[in-house]
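Asker: Sequences listed follow chains A and B, in order. Take 0 as the starting number for the first sequence in numbering that gives the first Met the number 0 and just add one per residue. Take 0 as the starting number for the second sequence in numbering that gives the first Met the number 0 and just add one per residue. All C-beta atoms in this analysis are idealised placements derived from N, C-alpha and C, irrespective of residue type, glycine included. If you scroll down you'll find the structure; I have some questions about it.
2 protein chains.
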Amino acid sequence: MREKPLFDVKFSSTGTCVGKLRNEVTIKAIEPFQTVNTLATDEGKFQGGEGTAPTPLEFFLTGLVGCLMTQMRVFSRRMKIKVDDVVVTCDAHWEAYAGEGFPYEGQPVGFAVDIDVRSPEHETRILELVNASRKGCFVEQTIERKTRIDHRVRVNAQSWAEV
Amino acid sequence: MREKPLFDVKFSSTGTCVGKLRNEVTIKAIEPFQTVNTLATDEGKFQGGEGTAPTPLEFFLTGLVGCLMTQMRVFSRRMKIKVDDVVVTCDAHWEAYAGEGFPYEGQPVGFAVDIDVRSPEHETRILELVNASRKGCFVEQTIERKTRIDHRVRVNAQSWAEV
């Protein structure tokens, strides 16, 4: 039987269209804390946007880098592994291929993450911390696993269709 | 032989530690456009942060919702499928399990995305647009596939170790 989770993490986000390609996304944290934040995305001229906000991929990458860094800082305290500073660099690469009957299909090529640590600890302990932080990082775990996204669509307030 | 991509998408992001758990992430777009943006993440008291910015997961979810919405708006024009408005809702759920020798391990449970469309088109055409947009969405494709993240670690400016 599966063990019980220590805690659940639940968010509900709603995005609305504003401007040419600007989206405003309101994110409600439900568990384990409650907050509401609104973040805006836009596109530059390449995609037909107006550049009023960073692109969705920049938010996505900030989520990835920020989540891993947070995990390292939180886990270093909890695992008593002293870290004086961390700089994380992430090189991300995707490719777009011609779609059949639609503009293009996006595919991830890969992510290369460099973790530059300043610490009085032995390297072995730092590798232990990095490996623990990768497991603790919700974003890394979502990207590295095959994670399902279920979709429903509704047109003009009619009934929902699964896609 | 693999076909040639229509275009590549490349970003390089660097995150630095500022404040208790605040991270500042500078994201440089390299291809197919060039921009530089800095976004900050923080944590609330639950994690020991100061709440000066949204959490990494909120950035991640904004990236997911925003990318799908952008794709629908861009593809609707290119596929000549008229869409008057789109509201996208995403319910996200993760679980944290006790780790062996470290605080916890994060696991995605799933994402439920509802796409609420206002359009004069037949539902069939809208479903076609949604399916094309999912394929075009770099974030969805990254989450739904098993995507590799390579890591290197360096301690006190010594040599890089793969992890």
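Can you tell me whether DSSP reads residue 82(A) as helix, strand or coil?
Answerer: Here residue 82(A) sits in coil by DSSP.
Asker: Using a Cβ-Cβ cut-off of less than 7 Å, give me the residues of the stretch 4-32 of chain B that come near chain A, in sequence order.
Answerer: So the list reads 4, 5, 6, 7, 8, 9, 10, 11, 12, 13, 14, 15, 16, 20, 22, 24, 26, 31, 32, given in the order they occur along the chain.
Asker: Is it true that the CB of residue 55(A) sits closer than 8 Å to the CB of residue 69(B)?
Answerer: Cβ atoms of residue 69(B) and residue 55(A): closer than 8 Å.
Asker: Give the range of the alpha helix (DSSP H) segment to which residue 138(A) is assigned.
Answerer: Here the alpha helix (DSSP H) through residue 138(A) covers 137-143.
Asker: How would you list, in chain order, the residues of chain B whose beta-carbon sits under 8 Å from the beta-carbon of residue 146(A)?
Answerer: Neighbours of residue 146(A) on chain B, chain order: 107, 109, 110, 142, 143.
Asker: Counting along the chain, where does the alpha helix (DSSP H) carrying residue 46(B) start and finish?
Answerer: That residue, residue 46(B), is in no alpha helix (DSSP H); it is neither H nor E in DSSP.
Asker: How many angstroms separate the CA atom of residue 76(B) from the CA atom of residue 23(A)?
Answerer: Residue 76(B) and residue 23(A): Cα-Cα distance of roughly 20 Å.
Asker: Does the stretch 118-137 of chain B come close enough to the stretch 82-97 of chain B to have 3 or more Cβ pairs within less than 8 Å?
Answerer: Short answer: they touch.
Asker: Using 10 angstroms around the beta-carbon of residue 12(A), count the other beta-carbons present and answer buried if the total reaches 16, otherwise exposed.
Answerer: Buried, because 16 or more other Cβ atoms sit within 10 Å of the Cβ of residue 12(A).
Asker: Let me confirm a value: residue 41(A) is counted as buried when at least 16 other C-beta atoms fall within 10 Å, else exposed. Which label applies?
Answerer: It is buried - the Cβ of residue 41(A) has at least 16 other Cβ atoms within 10 Å.
Asker: Between the stretch 74-104 of chain B and chain A, which residues of the former have CB atoms less than 7 Å from a CB of the latter, in chain order?
Answerer: Per Cβ criterion, the list reads 74, 77, 78, 84, 85, 86, 87, 88, 89, 90, 91, 92, 93, 94, 95, 96, 97, 98, 101, 102, 103, 104.
Asker: If distances are taken between C-alpha atoms only, which option among 31(B), 19(B), 80(B), 39(B) comes closest to residue 48(B)?
Answerer: It is 19(B).
Asker: With a Cβ-Cβ cutoff of 8 Å, do residue 114(B) and residue 129(B) count as a contact?
Answerer: Their beta carbons are under 8 Å apart, which means residue 114(B) touches residue 129(B) by this criterion.
Asker: Closer than 8 Å, CB to CB, is residue 61(A) near chain B or not?
Answerer: By this cut-off, residue 61(A) is an interface position.
Asker: Looking only at DSSP bridge pairs, what is residue 34(A) linked to?
Answerer: Paired residue(s): 28(A).
Asker: So which residues of chain A does residue 49(B) contact, with C-beta pairs closer than 7 Å?
Answerer: Those within 7 Å of residue 49(B) in chain A number zero; the least Cβ separation is about 12 Å.
Asker: On a CA-only basis, which of 43(A), 89(A), 45(A) is nearest residue 65(A)? Give me that one, please.
Answerer: The shortest C-alpha separation from residue 65(A) is found at 89(A).
Asker: Looking only at its own chain, which residues have a Cβ that is under 8 Å from the Cβ of residue 206(B), when we skip the five neighbours before and after it?
Answerer: Any property of residue 206(B) remains undetermined from this structure, which presents chain B solely from 0 to 162.
Asker: Just to confirm the assignment, what range does the beta strand (DSSP E) spanning residue 106(A) have?
Answerer: Counting along the chain, the beta strand (DSSP E) containing residue 106(A) begins and ends at 103-117.
Asker: Would you identify the three-state DSSP class for residue 124(B), choosing helix, strand or coil?
Answerer: Three-state DSSP puts residue 124(B) in a helix.
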